[in-house]
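As structure tokens, the structure follows; a few thoughts come after it.
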């Protein structure tokens with residue numbers, strides 16, 4: 038199911054000690070406000086990519102931020118502080134001579150370019166969408182951003198270099214997480230409304246970009262009805278991002294069971310399905326991941342850890 042449309046057109050001062058983490062590559066930072074504390078604190082969550090830098094002894098650049106200020110570090114030394122407008126989230130990447138940072142300011146996204154030699158900074162408005170940006174994703178090699186509008190439940194696709202609106206995808210508002218892979222493809226749970234039958238169908242769609250940079254549907258997996266949460270599960274380690282097996286975990290609203298699909302990349306049907314019944318009615322799923330080393334998909338709840346082998350027939354509780 039394609040569910041893709043081409044669109045014709047389309048601060049608060051905070052006392053904060055930035056957390057310094059070793060970060061390289063494309064890094065997502067989310068901001069959470071703990072309003073129950075006397076002051077406002079912001080938590081910044083990093084994905085760390087240290088190994089290659091430590092082996093090659095390369096210069097390490099870190100980015101830290103709070104709601105109104107950006108901090109740039111070189112080998113743990115603070116090199117730049119820069120005041121910014123109210124920020125919701127940011128993504129950044131490390132290039133040979135510069136750092137490029139995209140910041141979600143609520144209704145617009147700005148690009149901040151920092152030269153490594155001089156630490157001079159330039160900012161530029163990338164896109165002003167006119168709605169509250171819930172989240173966004175970046176496909177860096179293609180200079181393309183995916184912007185999620187929660188109100189319309191659509192994923193707007195925009196090319197930064199060409200200043201071109203590439204269209205939008207209608208996705209499931211209850212399952213709006215988008216998975217972007219290193220091979221320049223992405224996956225999303227999309228919905229199709231049948232006005233005649235008054236029914237809703239859900240699909241797990243995989244998209245890629247053709248040579249001109251347009252979005253193309255790669256595969257579509259129809260998902261069964263009767264479930265509430267749908268999650269695409271891939272390896273948690275970025276180095277294993279292109280592993281040819283992925284899972285889809287579907288959980289009922291009553292949260293008493295999950296249906297698991299295991300699929301090969303490019304397939305429209307699962308090669309294996311499993312139904313998982315939870316032993317404790319008050320369970321909560323805390324995490325899900327796929328481990329290529331053990332060849333298992335894991336579901337971790339607050340009561341148990343369930344392993345589903347990719348190729349064997351048994352399912353175990355650890």
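In the working numbering, the protein residues as written are 38 to 355.
Note that the Cβ used here is the ideal one computed from N, Cα and C, for glycine as well.
Quiz item: Assuming residue 297 contacts residue 345 under a Cβ cut-off of 8 Å, what Cβ separation, rounded to an integer in Å, is found between them?
Solution: Position 260 of the chain shown, counting from 1, holds the residue named residue 297. Position 308 of the chain shown, counting from 1, holds the residue named residue 345. About 6 Å; that satisfies the 8 Å criterion.
Exercise. Could you check the C-alpha separation between residue 338 and residue 127 for me, to the nearest Å?
Key: Counting from 1 along the chain shown, the entry for residue 338 is found at position 301. Counting from 1 along the chain shown, the entry for residue 127 is found at position 90. Answer to the nearest angstrom: the Cα atoms are 30 Å apart.
Quiz prompt | Rounded straight-line distance, which links the Cα of residue 159 to that of residue 109 | solution = As a working note, residue 109 is residue 72 in the chain shown. As a working note, residue 159 is residue 122 in the chain shown. C-alpha separation (whole angstroms): 14 Å.
Quiz item: Taking three-plus beta-carbon pairs below 8 Å as touching, is the region 138-149 in contact with the region 173-182?
Solution: Contact between the region 138-149 and the region 173-182 is present, because at least three Cβ pairs lie under 8 Å.
Quiz item: With 16 other CB atoms within 10 Å as the buried threshold, where does residue 230 fall?
Solution: Taking the chain shown and counting its residues from 1, one reaches residue 230 at position 193. A residue is called buried when at least 16 other Cβ atoms come within 10 angstroms of its Cβ; residue 230 does not meet this threshold and is exposed.
Self-check item: Neighbourhood of residue 186 by C-beta, 6 Å cutoff - its chain only, sequence neighbours within 5 removed
Solution: For the purposes of this step, residue 186 is taken as the residue at position 149 of the chain shown. Short of 6 Å from the beta carbon of residue 186, and not among the five residues preceding or following it, lie these beta carbons of its own chain, in chain order: 168.
Quiz item: Are residue 289 and residue 314 close, meaning C-beta to C-beta below 8 Å?
Solution: For the purposes of this step, residue 289 is taken as the residue at position 252 of the chain shown. For the purposes of this step, residue 314 is taken as the residue at position 277 of the chain shown. Not closer than 8 Å, so no.
Exercise. On the DSSP bridge assignment, give the partners of residue 346 in chain order.
Key: The count along the chain shown starts at 1 and reaches residue 346 at position 309. Answer is 333, bridged to residue 346.
Exercise. Express the C-alpha separation of residue 138 and residue 161 in angstroms, rounding to a whole number.
Key: Taking the chain shown and counting its residues from 1, one reaches residue 161 at position 124. Taking the chain shown and counting its residues from 1, one reaches residue 138 at position 101. Taking C-alpha positions only, residue 161 is separated from residue 138 by approximately 11 Å.
Quiz item: How about residue 120 and residue 106: are their beta carbons less than 8 Å apart?
Solution: As a first step, residue 120 is located in the chain shown; it is residue number 83 there, counting from the start. As a first step, residue 106 is located in the chain shown; it is residue number 69 there, counting from the start. When the beta-carbon positions are compared, residue 120 and residue 106 come within less than 8 Å of each other.
Self-check item: Between the CA atoms of residue 213 and residue 350 - distance to the nearest angstrom
Solution: The count along the chain shown starts at 1 and reaches residue 350 at position 313. The count along the chain shown starts at 1 and reaches residue 213 at position 176. The alpha-carbon atoms of residue 350 and residue 213 are separated by roughly 31 Å.
Exercise. State the DSSP-derived secondary structure class of residue 179, mapped to helix, strand or coil.
Key: The residue labelled residue 179 in the question sits at position 142 within the chain shown. Residue 179: helix per DSSP, three-state reduction.
Quiz item: Taking the DSSP output, what are the residues bridged to residue 242?
Solution: Here the question's residue 242 lines up with position 205 in the chain shown. Residue pairing for residue 242: DSSP places it in a beta bridge opposite 225 and 257.
Practice problem: Given a cut-off of 8 Å, decide if residue 326 and residue 273 are closer than it, judged by their beta-carbon atoms. | Solution: Walking along the chain shown from the start, residue 273 turns up at place 236. Walking along the chain shown from the start, residue 326 turns up at place 289. A contact, by the Cβ cut-off of 8 Å.
Quiz item: Using the beta-carbon count (16 or more within 10 Å), is residue 181 buried or exposed?
Solution: If you number the chain shown from 1, residue 181 lands on position 144. Under the 10 Å beta carbon count, residue 181 is surrounded by 16 or more other beta carbons and is classified as buried.
Quiz prompt | Environment of residue 154 [buried if 16+ CB atoms lie within 10 Å] | solution = Counting from one through the chain shown, the residue named residue 154 turns up at place 117. Label assigned to residue 154: exposed.
Exercise. Measure the beta-carbon distance from residue 253 to residue 244 and round it to whole angstroms, keeping in mind my assumption that it falls under 8 Å.
Key: One-based indexing of the chain shown puts residue 253 at position 216. One-based indexing of the chain shown puts residue 244 at position 207. Contact annotation, residue 253 with residue 244: C-beta distance approximately 7 Å; criterion of less than 8 Å satisfied.
Quiz item: In the region 256-323, which residue ranges form an unbroken alpha helix (DSSP H) of at least 4 residues, counting only runs that do not cross its ends?
Solution: Fully enclosed alpha helix (DSSP H) runs of 4 or longer: not present.
Self-check item: Enclosing beta strand (DSSP E) for residue 145 [first to last residue]
Solution: Locating residue 145 in the chain shown gives position 108, where the first residue counts as 1. Per DSSP, residue 145 belongs to the beta strand (DSSP E) from 145-152.
Exercise. Along the beta strand (DSSP E) that carries residue 206, what are the first and last residues, could you check?
Key: Translated into positions along the chain shown, residue 206 becomes position 169. 201-207 is the span of the beta strand (DSSP E), which, as asked, contains residue 206.
Quiz item: So, are the CB atoms of residue 234 and residue 284 less than 8 Å apart?
Solution: To locate residue 234, count along the chain shown from 1; it is residue 197. To locate residue 284, count along the chain shown from 1; it is residue 247. No, the Cβ-Cβ distance between residue 234 and residue 284 is not below 8 Å.
Self-check item: For residue 223 and residue 304, the rounded distance between their alpha carbons
Solution: In the chain shown, counting from the first residue as 1, residue 304 sits at position 267. In the chain shown, counting from the first residue as 1, residue 223 sits at position 186. One C-alpha to the other measures close to 15 Å.
Quiz prompt | Strand pairing of residue 325, partner residues [DSSP] | solution = Within the chain shown, the letter at position 288 stands for residue 325. DSSP, once it has assigned bridges, lists 336 as partnering residue 325.
Quiz prompt | Secondary structure of residue 116, DSSP reduced to three states | solution = The residue given as residue 116 occupies position 79 in the chain shown. Of the three classes helix, strand and coil, the one that applies to residue 116 here is strand, per DSSP.
Practice problem: Out of 241, 312, 178 and 199, point me to the one whose CA is closest to residue 206's CA. | Solution: For the purposes of this step, residue 206 is taken as residue 169 along the chain shown, with counting starting at 1. For the set 241, 312, 178 and 199, the Cα lying nearest the Cα of residue 206 is the one of 241.
Self-check item: Rounded separation between residue 348 and residue 270 - CA only
Solution: Position 311 of the chain shown, counted from the start, is the residue given in the question as residue 348. Position 233 of the chain shown, counted from the start, is the residue given in the question as residue 270. Approximately 16 Å between the Cα atoms of the pair.
Quiz item: Under the three-state reduction of DSSP, which class applies to residue 173: helix, strand or coil?
Solution: Position 136 of the chain shown holds residue 173. In the structure shown, residue 173 sits in a strand (DSSP, three-state: E or B).
Quiz prompt | Sequence-distant residues of its chain with Cβ nearer than 6 Å to residue 286 (five each side left out) | solution = Locating residue 286 in the chain shown gives position 249, where the first residue counts as 1. If we look at residue 286 and ignore the five residues flanking it on each side, its Cβ neighbours are 268, 270, 295, 297 and 325.
Exercise. May I ask which residues mark the beginning and end of the beta strand (DSSP E) holding residue 233?
Key: In the chain shown, the residue the question calls residue 233 occupies position 196. Careful: residue 233 lies outside any beta strand (DSSP E) and carries neither H nor E.
Exercise. Between the Cα of residue 306 and those of 281, 312, 328 and 256, spot the shortest distance and give me the residue it belongs to.
Key: Position 269 of the chain shown, counted from the first residue, corresponds to residue 306. That would be 256, whose Cα lies nearest to the Cα of residue 306.
Quiz prompt | Contact under 8 Å by Cβ, residue 151 with residue 124 | solution = By 1-based counting over the chain shown, the position of residue 151 is 114. By 1-based counting over the chain shown, the position of residue 124 is 87. No. Outside cutoff.
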